[in-house]
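Worksheet: one structure, shown below.
Protein chains: 2
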Amino acid sequence: MPAVDIRSLAKHLNLSPGTVSKALKDSYEISAETKKRVLSLAKKLNYVPNAYASGLRKKRSKTIAVVLPEVADSFFSIAINGIESVAQQKGYHVLIYLTHENFLKEKTILNDFKSGRVDGVLISVTRETIATKHILELQSSGMPVVLFDRIVDQIETAKVRTNDFESGYIATQHLIKRGCKNISYLSNSKSLGITNERMEGCRKALEENDLSIKKNFFIECSNDEANNYKRIKSLLSQKDCPDGILVSIEKLTIPVYQVCNELKLNIPGSLKVIGFSLSPSASILNPAITTITQPAYEIGEAAATLLFKSLEKSNFDLKNEKIILPSVLTIRSST
Amino acid sequence: MPAVDIRSLAKHLNLSPGTVSKALKDSYEISAETKKRVLSLAKKLNYVPNAYASGLRKKRSKTIAVVLPEVADSFFSIAINGIESVAQQKGYHVLIYLTHENFLKEKTILNDFKSGRVDGVLISVTRETIATKHILELQSSGMPVVLFDRIVDQIETAKVRTNDFESGYIATQHLIKRGCKNISYLSNSKSLGITNERMEGCRKALEENDLSIKKNFFIECSNDEANNYKRIKSLLSQKDCPDGILVSIEKLTIPVYQVCNELKLNIPGSLKVIGFSLSPSASILNPAITTITQPAYEIGEAAATLLFKSLEKSNFDLKNEKIILPSVLTIRSST
DNA sequence: TTTATTTGCGCAACCGTTTTCGGGGGCTCT
DNA sequence: AGAGCCCCCGAAAACGGTTGCGCAAATAAA
Chain R
0 MPAVDIRSLA
10 KHLNLSPGTV
20 SKALKDSYEI
30 SAETKKRVLS
40 LAKKLNYVPN
50 AYASGLRKKR
60 SKTIAVVLPE
70 VADSFFSIAI
80 NGIESVAQQK
90 GYHVLIYLTH
100 ENFLKEKTIL
110 NDFKSGRVDG
120 VLISVTRETI
130 ATKHILELQS
140 SGMPVVLFDR
150 IVDQIETAKV
160 RTNDFESGYI
170 ATQHLIKRGC
180 KNISYLSNSK
190 SLGITNERME
200 GCRKALEEND
210 LSIKKNFFIE
220 CSNDEANNYK
230 RIKSLLSQKD
240 CPDGILVSIE
250 KLTIPVYQVC
260 NELKLNIPGS
270 LKVIGFSLSP
280 SASILNPAIT
290 TITQPAYEIG
300 EAAATLLFKS
310 LEKSNFDLKN
320 EKIILPSVLT
330 IRSST
Chain G
0 MPAVDIRSLA
10 KHLNLSPGTV
20 SKALKDSYEI
30 SAETKKRVLS
40 LAKKLNYVPN
50 AYASGLRKKR
60 SKTIAVVLPE
70 VADSFFSIAI
80 NGIESVAQQK
90 GYHVLIYLTH
100 ENFLKEKTIL
110 NDFKSGRVDG
120 VLISVTRETI
130 ATKHILELQS
140 SGMPVVLFDR
150 IVDQIETAKV
160 RTNDFESGYI
170 ATQHLIKRGC
180 KNISYLSNSK
190 SLGITNERME
200 GCRKALEEND
210 LSIKKNFFIE
220 CSNDEANNYK
230 RIKSLLSQKD
240 CPDGILVSIE
250 KLTIPVYQVC
260 NELKLNIPGS
270 LKVIGFSLSP
280 SASILNPAIT
290 TITQPAYEIG
300 EAAATLLFKS
310 LEKSNFDLKN
320 EKIILPSVLT
330 IRSST
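Chains R and G supply the protein sequences, listed in that same order. All the letters of the first sequence, read from the start, carry residue numbers 0 to 334 under numbering that gives the first Met the number 0. All the letters of the second sequence, read from the start, carry residue numbers 0 to 334 under numbering that gives the first Met the number 0.
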């Protein structure tokens, strides 16, 4: 199985490698006759050009990078689908990197992109990402960067996200309409823009309805599941227990339901629950949970589309692009 | 921001590019003093070698490909985590490709790997994949290939999977122990080795217990959700309704629960349900569903580890490697 | 001191493709 | 017939690192 390269093709055809290359690219310099001969032999021998040689020469890798905190929950897996489908259609390849919410890893990964390995970057930053030097540096090296979902406001580039503030507001309004007076908000990290926006939306709804904002009802969970469970249990065990709860992180739904089960708290009788979720099993929980669903696929799709626009048109300015795709409220039995 | 290459480094240091290259690789040919100077400047200027240049010369891309049917359900997303963590640790990059269960796409994608873009391939094949020429061809071009989860028996190479046959057997045994006499099996595609093995395991358990195997209890669902729902409903509506059901595909759990809800079928009273699933929400379904859980992360990890072994040791023979990681039965209230 | 050996580095080919430039041959046009 | 033009194609220089080889200087051995 001797690797068939452009040289061997040329030899077979009594042509020069340059001519073969042009013929394969359908260059106007080459006669129709020759093109036909070249194409035919290339197909017959199943010639596949060496990606590294042409990448080196053309200074284009036909590859984009997707940098994610993790891929465990459904949002990012679905987003990947959206990204990959656009990339495949454009003939691009997709490198995937997981930061595991580790800022240092994010820095290392982004720095490596100066190797020319990728033509553009889609990134959803870490919880820990406050400093932005690594991203700015990458940009100033000429790399197009599109932020999605987990945005950093300070960075001037295209951003694709959902309406987190409004979602938080709408979710809370919904709870209020259902009669809730004491509403609790569950999130993970305060440093994360997203959950903050949702929280602000929640606060705004509370304020507009003259409902009290109790500090100890706004709980910031961690990655420590046991501890989260404990805190949720203590929240729901107290006398002044909330009658409505907004779960801003999908995976926190589980301990909430578990605690309710343990404490024999009736949903939606004693407690109404609404959660940010993309899981299709929302409908078969008992009770089926009312959800705010992010358009994950569309976010990935839109982010990738923007990136490719900037790769294809040099005059396209990412800085002007902000896309906000609305989340969807699906009312079920939990409220 | 003038791109810093090895030539400019060399000029700064009054050395030749070759020497700089060797110094960076800690070659024995270079004095400690020079190495220090080189390393120091390289760090200061944040030199990142061009991946395409070195890839071309060394004929190594430091990249592997992961080819998946889809990434929507949790198995593959978790498997990606396992793969990525090993790759990152080894300094490799991960390209991801989705076939969307389309054999032609799989063929096209694999053929492109002859471009030298990747050093090795991890693949979980399509439902439609029966012919294996495309994989054999890739192998014979010298590309190491590791199959995982969705295996093709005919191909001689490393395979990592779970014990599907036993899982089907164990799940069925569990239903039988719980008193089920009429057991139904739900899968998607018959052409898929995995679901067939699970089915065979199921059949064996039925036979061993002298239970009848009713053809119309073995249902092959499709991607048409509405139709799946209809078929499940008609299965559970009939007089001779099953009293136990083994759901071999995670996403089919939803219509099953929905139908039971609609038909007021009590789980586990009238029907006991066991499902293959990785979803953490299994525990908060009502009733919490008994599951067979595949070790997705470990499968990805093991597959990647095998691939890297073959990349690092030329004498390592993938053909001899078969890894079977056991699934776990978690008994909950649905049985 | 002479010879042998080691040490440290430079030279230049090489990886496979792309692309600029130029030139030969055939054609048209005067 | 000579000048000009177009049509095809080849030659060769990139692209940026890597690596085998050779060579000079320094050191060790004789």
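Every residue, glycine too, gets a C-beta built ideally from N, C-alpha and C. This structure is a prediction, so every number in the text was calculated from the model and none was measured.
Should G:VAL327 be labelled buried (16 or more other beta-carbon atoms within 10 Å of its own) or exposed?
In this structure G:VAL327 is exposed. Its beta-carbon is surrounded by fewer than 16 other beta-carbon atoms within 10 angstroms.
Extract the residue ranges of the beta strand (DSSP E) inside the stretch 97-162 of chain R, only unbroken runs of 3 or more that lie entirely within it.
For the stretch 97-162 of chain R, whole beta strand (DSSP E) runs of length 3 or above, ordered along the chain, are 119-122, 144-147, 157-161.
Got a sec: is the Cβ-Cβ distance from G:GLN257 to anything in chain R below 8 Å?
Cβ-Cβ to chain R under 8 Å: yes for G:GLN257.
For G:ILE134, collect the residues of the same chain with a Cβ closer than 6 Å to its Cβ; drop the 5 residues on either side in sequence, then sort them by chain order.
Listed in chain order, the non-local C-beta contacts of G:ILE134 below 6 Å within the same chain comprise ILE154, local neighbours out to five positions each way being set aside.
CA-CA distance, R:PHE217 and R:TYR184?
Distance from the CA atom of R:PHE217 to the CA atom of R:TYR184, rounded to whole angstroms, is 5 Å.
Can you tell me whether R:GLY178 is helix, strand or coil according to DSSP?
R:GLY178 carries a coil assignment under DSSP once its states are collapsed to helix, strand and coil.
How would you call G:ALA338, buried or exposed, if buried means at least 16 neighbouring beta carbons within 10 angstroms?
In the structure displayed, chain G extends from 0 to 334; residue 338 of chain G sits before or after that span and is not available.
Establish whether the CB of R:ASN285 and some CB of chain G are separated by less than 8 Å.
Closer than 8 Å: yes.
Residue closest to R:ILE283, alpha-carbon to alpha-carbon, out of G:TYR296, G:ALA295, G:ILE298, G:ILE266:
Closest by alpha carbon: G:ILE266.
Are the CB atoms of R:LYS158 and R:LEU146 within a distance shorter than 8 Å?
One thing to note: R:LEU146 has its Cβ within 8 Å of the Cβ of R:LYS158.
At the 8 Å Cβ level, is G:GLY299 part of the contact set with chain R, yes or no?
For G:GLY299, the answer is no, since every Cβ of chain R falls outside 8 Å of its Cβ.
Anything in chain R within Cβ reach of G:GLY119, meaning under 7 Å, just list it in chain order.
Within chain R, no residue comes near G:GLY119; the closest Cβ sits about 15 Å away, beyond 7 Å.
Mind listing the chain R neighbours of G:LYS113? Cutoff is C-beta to C-beta under 7 Å, in chain order.
For the C-beta of G:LYS113, the chain R residues within less than 7 Å are, from N- to C-terminus, VAL47.
What residues in its chain sit with their C-beta under 8 Å from that of R:ILE77, if we drop five residues either side in the sequence?
The residues are LEU277, ALA295, TYR296, GLY299.
Excluding the 5 residues flanking G:PRO325 on each side, which residues of the same chain have their C-beta closer than 6 Å to its C-beta?
Excluding sequence neighbours, G:PRO325 sits near ASN162.
Alpha-carbon to alpha-carbon, R:CYS179 and G:ILE288
Note on geometry: alpha-carbon atoms of G:ILE288 and R:CYS179 lie some 31 Å from one another.
Label R:ILE129 either buried or exposed according to how many other C-beta atoms from any shown protein chain fall within 10 Å of its C-beta, with 16 as the threshold for buried.
Taking every protein chain shown into account, the CB of R:ILE129 has fewer than 16 other CB atoms within 10 angstroms, so this residue is exposed.
Less than 6 Å between C-beta atoms, sequence neighbours within five positions excluded: which residues of the same chain meet that for G:PRO286?
Excluding residues within five positions, the ones whose Cβ falls inside 6 Å are ILE266, SER332, SER333.
CA-CA distance, R:LYS58 and R:LEU23?
C-alpha of R:LYS58 to C-alpha of R:LEU23: approximately 19 Å in a straight line.
Starting from G:PHE217, trace the beta strand (DSSP E) in both directions and tell me its first and last residue.
Note, G:PHE217: beta strand (DSSP E), 217-219.
Taking Cβ-Cβ distances below 7 Å as the criterion, which residues of the stretch 152-175 of chain R are in contact with chain G?
Listed by position along the chain: nothing, the set is empty.
With G:VAL37 as the anchor, note down where its beta strand (DSSP E) starts and where it stops.
From DSSP, G:VAL37 is part of no beta strand (DSSP E) but of the alpha helix (DSSP H) over 31-43.
6 Å CB neighbourhood of G:LEU205 in its chain, flanking five on each side removed:
Taken in chain order, the residues that qualify are ILE212.
How many Å lie between R:ASN195 and R:ASN187 at the Cα?
Whole-angstrom Cα-Cα distance: 10 Å.
For R:LEU397, which three-state DSSP category applies?
Since the first residue shown for chain R is 0 and the last is 334, residue 397 of chain R is missing from the structure and cannot be characterised.
Of the residues R:LYS238, R:ILE82, R:THR98, the one placed nearest G:ASN80, counting alpha carbons only
Nearest C-alpha to G:ASN80: R:THR98.
Buried or exposed, going by whether 16 or more other CB atoms sit within 10 Å of the CB of R:LEU121?
Label assigned to R:LEU121: buried.
Listing by chain order, which chain R residues have their CB less than 8 Å from the CB of G:ALA303?
Result: empty, since nearest Cβ-Cβ is about 13 Å, beyond 8 Å.
Report yes if the CB atom of R:LEU270 is closer than 8 Å to the CB atom of R:CYS201, and no otherwise.
The answer is no: Cβ separation not under 8 Å.
Within this structure, are the beta carbons of G:GLU69 and G:GLU100 separated by less than 8 Å?
Against a cut-off of 8 Å, the Cβ pair of G:GLU100 and G:GLU69 comes out as a contact.
Can you tell me whether R:THR18 is helix, strand or coil according to DSSP?
In this structure, R:THR18 counts as helix in the three-state DSSP scheme.
For G:LEU12 and G:LYS34, what's the separation of their Cα atoms in angstroms?
Going by the C-alpha atoms only, they are around 11 Å apart.
So R:LYS89 packs on R:PHE307, CB below 8 Å; how close in whole Å?
About 5 Å separates the CB atoms of R:LYS89 and R:PHE307; that is less than 8 Å, so the two are in contact.
G:LYS232 (DSSP reduced to helix, strand or coil):
Looking at G:LYS232 - three-state DSSP - the assignment turns out to be helix.
For R:ASP72, the nearest candidate out of R:ALA41, R:PRO279, R:ARG177, R:ARG160 (CA to CA):
Selection R:ALA41, R:PRO279, R:ARG177, R:ARG160 evaluated against R:ASP72 yields R:PRO279 as nearest (Cα-Cα).
Using a Cβ cut-off of 8 Å, pull out every chain G residue sitting near R:SER7, in sequence order please.
Within chain G, no C-beta atom comes nearer than 8 Å to that of R:SER7; the closest sits roughly 14 Å away.
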